[in-house]
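Taking it in order: structure first as structure tokens, then the write-up.
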Amino acid sequence: MQKPNLTKAKKRTNEQSMIIDCFNREIEKIGQNKTYFIKTYGCQMNEHDTEKMQAILENLGFSEAKIMEEANLILLNTCSIRENANNKVFGMVGRLKKIKEANPNVILGLCGCMAQEEVVVEKILNTYPWLDLVFGTHNFSDLPKLLKTQMLNKEMLVEVYSKEGEIYEGLPVKRKYQHKAWVNIMYGCDKFCTYCIVPYTRGKQRSRLKKDILNEVNDLKNKGVLEITLLGQNVNAYGKDLKDDYAFIDLLTDIAKTNIPRIRFMTSHPWDFDENMIDVFKKYSNLTPHIHLPIQSGSDRILKLMGRNYTKEAYINLYQKLKTIPNMHISTDIIVGFPGESDLDFQETLAVVEKCQFDYAFTFIFSKRTGTPAAKMRDDVLFKTKQERLQTLNRAIEKYCLKSNQKFLNQIIPVLIDDVSEKDKQVLTGYSNTMKRVNLKGDKKLIGQIVPVKITEVKTWSLFGEVVERN
Ligand code: 5AD
Ligand code: SF4
């Protein structure tokens, strides 16, 4: 049994990460005639890890089950960014007990960020003995070996590495869409914002090599992919751990030159943002005019306590420069109720929202994550006050999100159609290049295409439109 350890997970070395070549790995068909179901929580990084695990499992002979209860293997790919994310997963683990009772042969696994937390693994060992397999973010590529061991021994197997992981190249991927794809450019994060568990659960920053990223991107281009999203916890720091001068701006330029119609990236940290990027955006129209740039707080005092390394003024300055890029849309993340946040601090956050008028934002109440510095900070803000602040903030965010959407009314904009809407099968859904969700009535044949759409209705969180016939 290998349990996680947050103190070890925090350690950083200067060594460059090892690259493990997984191309053409020998695989035994241990999943023949068996099915799997993966439930994914959290961010795109997790969604993309799931795509890789799906492909690994299908190479082992497993096929995907449509219904969780019918699968021979159930994996929960978890998120631990806030406590309520953990609670949701624990609720699901409770539900899995019934499935185990009905079918003792089912293999139940928990993986992803929560598995990297000491407290979670202890809780699993003490409270949820019906789980069969626990593995972390650094070793999901060992899935074939872990499954085989579990199948033979039939005991709970916990294998979580705290050491920063290697970089695995050549893992297979089962992509959800043919027309758009995620591409990891780096793993982990070295920023250690004081509230955040990610540098512990995902380990130190490891950038993929330029050649490996460009090979993947060119391969996607040759397959006709229309949109790629470059993924990393802090993409602007790409390359800082490599021993060459190739930075994010160089990578982005090389990827823009492939002429893939839409190139996105996330997430950006203002700390590492190279303002020369503005020229790159102006030069390459396939860099989509949207940047997710978390501010977290508008109070310099709180930003300092958060360890964000920029001031409100520096953020606004960068924001305004980015806004000189034609049609640029900027979204953000904001945390309210950080330990000791005063009403004045909160008013400063509101003032920045009024000034920047973000195109949209994700807002959160501070959640105490065991092992992070902020978890030890004195917190005298009542939860009720935090809730009220969140509501006030959300009202301001919604106002500007609607305003940002309203300018699209009666405009014709290109939309990449992803799918039929989950809510209404008669409706198609996709995104504008500015990352606005657009719903429309149209033929399913349009899925996977970029089509001109006239916006006929505007809501706070989405646009509605109709396809403009091309002559
Ligand atoms: N509490 C609340 N929000 C958090 N985030 C990260 N850690 C926490 C936490 N402990 C938010 C940040 C980050 C987003 C992905 O989640 O705003 O940008
Ligand atoms: Fe967490 Fe900060 Fe790293 Fe983002 S930059 S993953 S908020 S530590």
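Each residue of the sequence shown is one higher than the one before, counting from 1182 in the numbering used here.
All C-beta atoms in this analysis are idealised placements derived from N, C-alpha and C, irrespective of residue type, glycine included.
Closest residue to residue i among the options (Cα-Cα distance)
i: K1635; options: V1619, L1627, E1336, I1628; result: V1619
i: Q1568; options: D1524, I1546, E1647; result: I1546
i: H1229; options: G1242, V1287, N1365, K1191; result: N1365
i: Y1612; options: I1248, I1578, T1221, V1596; result: V1596
i: G1646; options: L1590, S1523, F1527, E1529; result: L1590
i: K1357; options: G1413, K1279, Q1235; result: Q1235
i: F1564; options: I1598, N1575, S1548, L1574; result: S1548
i: K1385; options: N1415, L1407, L1401; result: N1415
i: D1624; options: N1205, N1575, T1610; result: T1610
i: N1307; options: M1249, M1337, D1453; result: M1337
i: V1302; options: E1282, F1271, T1637; result: F1271
i: Q1359; options: L1525, D1400, F1373; result: D1400
i: D1524; options: L1499, T1566, H1510, D1514; result: T1566
i: K1626; options: L1644, D1600, G1317; result: D1600
i: E1650; options: V1632, E1638, V1639; result: V1632
i: E1239; options: E1638, I1262, D1605, Q1213; result: Q1213
i: W1311; options: F1321, L1324, L1277; result: L1277
i: N1334; options: M1295, N1286, N1457, N1403; result: N1286
i: T1243; options: R1383, D1514, I1288; result: According to the sequence displayed, residue 1243 carries Phe and not Thr. F1243 has its Cα closest to that of I1288, out of R1383, D1514, I1288.
i: Q1183; options: I1262, L1241, G1369, H1319; result: H1319
i: V1300; options: K1622, F1321, N1267; result: N1267
i: I1628; options: V1648, H1450, Y1465; result: V1648
i: L1412; options: C1224, K1604, K1622; result: C1224
Residue span of the beta strand (DSSP E) that contains residue i, given as start and end
i: A1428; result: From DSSP, A1428 is part of no beta strand (DSSP E); its letter is neither H nor E.
i: D1202; result: 1200-1202
i: L1338; result: 1338-1340
i: K1536; result: Per DSSP, K1536 belongs to no beta strand (DSSP E); it is in the alpha helix (DSSP H), 1524-1537.
i: I1628; result: No beta strand (DSSP E) contains I1628, which DSSP labels as neither H nor E.
i: R1482; result: Where R1482 is concerned, there is no enclosing beta strand (DSSP E), although the alpha helix (DSSP H) it sits in stretches over 1481-1487.
Where the alpha helix (DSSP H) through residue i begins and ends
i: A1266; result: 1264-1283
i: F1547; result: Premise fails: F1547 is in no alpha helix (DSSP H) and is neither H nor E.
i: A1577; result: 1564-1587
i: M1616; result: Segment: none, M1616 is in no alpha helix (DSSP H) and carries neither H nor E.
i: P1595; result: No alpha helix (DSSP H) holds P1595; the beta strand (DSSP E) holding it covers 1593-1601.
i: Y1465; result: Counting along the chain, Y1465 falls outside any alpha helix (DSSP H), and DSSP gives it neither H nor E.
Chain-order list of residues whose beta-carbon lies under 7 Å from that of residue i (same chain, five-residue window excluded)
i: Y1381; result: L1187, A1190, K1191, Q1297, G1552
i: D1202; result: E1350, G1351
i: L1571; result: V1517, T1544, I1546
i: T1375; result: L1486, M1487, G1488, T1553, P1554, A1555
i: N1490; result: W1452
i: N1575; result: T1544
i: N1227; result: T1221, N1258, C1260, G1293
i: Q1630; result: I1598
i: T1637; result: F1645, G1646, E1647
i: R1559; result: P1520, G1521
i: Q1592; result: I1636
Beta-carbon proximity list for residue i, same chain, < 6 Å, skipping 5 on both sides
i: V1274; result: Y1309
i: H1473; result: M1447, T1448, S1512
i: G1420; result: S1388, Y1427, A1428
i: S1343; result: P1185, N1186, K1189, A1190
i: S1478; result: L1484, T1530
i: F1204; result: G1351
Cβ shell of residue i (< 8 Å), same chain only, five flanking positions each side left out
i: V1461; result: I1430, L1433, T1434, A1437, L1468
i: A1577; result: L1531, V1534, E1535
i: M1199; result: E1347, I1348
i: I1459; result: K1502, L1503, T1505, I1506
i: E1641; result: The amino acid occupying residue 1641 in the given sequence is Thr; Glu does not appear at that position. These residues qualify, in order along the chain: E1579, C1582, L1583, N1586.
i: Q1197; result: D1422, L1423, K1424
i: S1602; result: V1608, L1609, T1610, N1620
i: V1639; result: L1583, N1586, Q1587, F1589, L1590, F1645
Cβ distance (whole Å) where residue i is taken to contact residue j below 8 Å
i: A1362; j: I1409; result: 5 Å
i: T1259; j: G1290; result: Contact flag wrong, Cβ pair sits at about 10 Å.
i: N1508; j: P1470; result: 4 Å
i: K1269; j: Y1222; result: 7 Å
i: D1561; j: G1521; result: 7 Å
i: V1354; j: K1233; result: 5 Å
i: I1675; j: R1550; result: Residue 1675 is absent from the model: the chain starts at 1182 and stops at 1652.
i: M1616; j: H1510; result: 6 Å
Distance cut-off 6 Å: residue i Cβ against heavy atoms of the ligand PLP
i: C1377; result: For the structure depicted, the ligand PLP is absent and the ligand set comprises only the ligand 5AD and the ligand SF4.
Query raised in the report: Counting Cβ pairs closer than 8 Å, one from the region 1530-1547 and one from the region 1391-1402, do we hit at least three?
Result: no
Query raised in the report: Is the number of C-beta pairs between the region 1553-1561 and the region 1577-1586 that are closer than 8 Å three or more?
Result: no
Report task. Could you tell me whether the region 1312-1330 touches the region 1208-1216, where touching means 3 or more Cβ pairs closer than 8 Å? Result -> yes
Query raised in the report: On the three-pair Cβ rule with 8 Å, is the region 1213-1221 touching the region 1242-1254?
Result: Contact between the region 1213-1221 and the region 1242-1254 is present, because at least three Cβ pairs lie under 8 Å.
Query raised in the report: Does the count of Cβ pairs from the region 1419-1428 and the region 1385-1394 closer than 8 Å reach three?
Result: yes
Query - Segment contact flag, the region 1442-1449 with the region 1494-1505, C-beta cutoff 8 Å, min 3 pairs - result: no
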